[in-house]
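In full-length UniProt numbering, the protein residues as written are 1 to 536.
Ideal Cβ positions, reconstructed from N, Cα and C, are used throughout, including at glycine.
The structure displayed is predicted, hence computed values, not measured ones.
Following this line, the structure appears as structure tokens:
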């Protein structure tokens, strides 16, 4: 996606805005001509014609004022449509991204893309496109008006316009680089502020809350320096081009004065040609600046394409889990460091129950992430029902697997939607899941029951309540393979026992759980315990 694709996507709306801008500029030209004719007739002492042209001028400016309201309102609506389209495109890319590709950046960066970067696109992109149309219309109508007064005026305007047009291009490379640097600075600022604010708890407990202030100020100053750098370069370009524009307007005014002395134009032409020449040179200045600013937003769109917008085409298809998951000689290491897993082989049979045990850092969680299809840069073979993961669209694998980790995420949405994730579930089935997972007490104490809106990441819930909710989410998804990474660690012993017994006694579930403390009472309910040993 780029700026012009966004404009084409909403072409009828943008054509309406453009037509309105052109009509407004045409009416402004009529108003300026009316003002010049009024002055000429005032000199002639023709009162009736003077009042006629004054009335025309008043009507023209009344329409102009009304058009500003219509243009601002409708332009905002169109820009918001395009903004939503860009966000949808980014969201589509994020939704289709692999786990590893998505986590190359953190959520604050993606949030910055959808806020700060889109604001920059609005200011330097869409608004400059409309300014470009405005400037071109002004130039065209003003050129016609100058030609109406005397052909030599338009010839001078054309020659001088080339000088005005060339001036901003001196700054093109610097503006483009500064624009990209500014958006990257804003992106980094969002990232750093998120990091600072999410670190409130440890800083508070260490009596280091002052670091929230110092780090915020330091991050803000760093971003401000990049914004100021862009403003300095843009301001230099604007000042230079406007200085050249004023010199050219002065030349046209002197030329018109000479034509008046030569009795080739009326006295009213002095005021009119000054206005029209000003419109031409200001329009050319604005056109150059707009073109440079529009070009400078392309690197922002290029950033969005860092994420893929397509799925890998699978060579095999998985409809249901019928037999087993199997791992053969699997090895894995992060970022070219030593291998965490080396030559692992194991089998997970359908409807069987397993535990993965081992020391901290032995790779148990990593193995679950590989089974879930999150991590793909392993060596060896990973099979499901005899089909290689590498031959499948991993979304098909995820249709069979539910991953429950020790740090579950709660959406800023209703309890109901946190469980169902907007999927339709019969109330009786939902009530059964709530009872199974021990959520009945939570539902009863919430002011609106299942329809109570939970706070960001469940900040109004205990760790155990959050784990119960995401467990209910898994049961409501009807997936048949449960991968549990310390998923009951926040529960008290009684609740933990109830949940683990629920999962291990369900004959329709295949369960693989990672645990550091395997209960003796649970061992007889497991089909096998795999010990994962750290590779040195």
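{"Query": "Residue 130 to residue 114 span [Cα, whole Å]", "Result": "22 Å"}
{"Query": "Per-residue DSSP class, three states only, for residue 498", "Result": "helix"}
{"Query": "Backbone secondary structure at residue 253 - three-state DSSP", "Result": "helix"}
{"Query": "9 Å Cβ cutoff met for residue 179 and residue 300", "Result": "yes"}
{"Query": "Runs of alpha helix (DSSP H) wholly within the stretch 447-479 (minimum 4 residues, chain order)", "Result": "463-477"}
{"Query": "Assigned exposure category for residue 134 - 16 Cβ within 10 Å defines buried", "Result": "buried"}
{"Query": "Residue of 492, 478, 485 and 239 minimising C-alpha distance to residue 465", "Result": "492"}
{"Query": "Beta-carbon proximity check, residue 395 vs residue 433, cutoff 9 Å", "Result": "no"}
{"Query": "Chain-order list of residues whose beta-carbon lies under 7 Å from that of residue 282 (same chain, five-residue window excluded)", "Result": "245"}
{"Query": "contact_flag[the stretch 482-497, the stretch 514-525] where n(CB pairs < 8 Å) is 3 or more", "Result": "yes"}
{"Query": "Between the CA atoms of residue 393 and residue 120 - distance to the nearest angstrom", "Result": "36 Å"}
{"Query": "Beta-carbon spacing of residue 165, residue 294 below 9 Å", "Result": "no"}
{"Query": "Simplified DSSP assignment, three categories, for residue 382", "Result": "strand"}
{"Query": "Beta-carbon spacing of residue 15, residue 138 below 9 Å", "Result": "no"}
{"Query": "Beta bridge counterpart(s) of residue 102 as assigned by DSSP", "Result": "Looking at the DSSP assignment, residue 102 forms no beta bridge with any residue, so it has no partner."}
{"Query": "Local Cβ density within 10 Å of residue 405, reported as buried at 16 or more and exposed below that", "Result": "buried"}
{"Query": "Opening and closing residue of the beta strand (DSSP E) in which residue 52 lies", "Result": "It is not in any beta strand (DSSP E) - residue 52 instead sits in the alpha helix (DSSP H) that spans 47-95."}
{"Query": "Residues sharing a beta bridge with residue 332, DSSP", "Result": "341"}
{"Query": "Reference residue 532, options 498, 346 and 350, closest by Cα", "Result": "346"}
{"Query": "In DSSP terms, what residue 300 is bridged to", "Result": "DSSP lists no partner for residue 300."}
{"Query": "Alpha-carbon spacing of residue 6 relative to residue 82, whole angstroms", "Result": "6 Å"}
{"Query": "When 348, 461 and 400 are compared against residue 411, the one with the closest alpha-carbon", "Result": "461"}
{"Query": "Sub-9 Å separation of residue 108 and residue 191 beta-carbons", "Result": "yes"}
{"Query": "Those residues which DSSP pairs with residue 482 across a bridge", "Result": "402 and 511"}
{"Query": "Proximity below 9 Å, CB of residue 181 to CB of residue 230", "Result": "yes"}
{"Query": "Residue 437 in three-state terms, based on DSSP", "Result": "coil"}
{"Query": "Contact the stretch 151-163 vs the stretch 248-258: 3+ CB pairs below 8 Å", "Result": "yes"}
{"Query": "6 Å Cβ shell around residue 35 - same chain, five flanking residues per side excluded", "Result": "57"}
{"Query": "Residue 410, enclosing alpha helix (DSSP H) - first and last residue", "Result": "Per DSSP, residue 410 belongs to no alpha helix (DSSP H) and is neither H nor E."}
{"Query": "Inter-stretch contact at 8 Å, needing at least 3 Cβ pairs: the stretch 453-460 / the stretch 407-425", "Result": "yes"}
{"Query": "Unbroken beta strand (DSSP E) run spanning residue 390, endpoints", "Result": "Premise fails: residue 390 is in no beta strand (DSSP E) and is neither H nor E."}
{"Query": "Helix, strand or coil at residue 519 according to DSSP, with G and I counted as helix", "Result": "coil"}
{"Query": "Helix, strand or coil at residue 324 [DSSP, three-state]", "Result": "strand"}
{"Query": "Residue 267: first and last residue of the uninterrupted alpha helix (DSSP H) it sits in", "Result": "Premise fails: residue 267 is in no alpha helix (DSSP H) and is neither H nor E."}
{"Query": "Touch test, the stretch 442-456 against the stretch 372-390, Cβ-Cβ under 8 Å, three pairs minimum", "Result": "no"}
{"Query": "Residue range of the unbroken alpha helix (DSSP H) whose run includes residue 170", "Result": "Premise fails: residue 170 is in no alpha helix (DSSP H) and is neither H nor E."}
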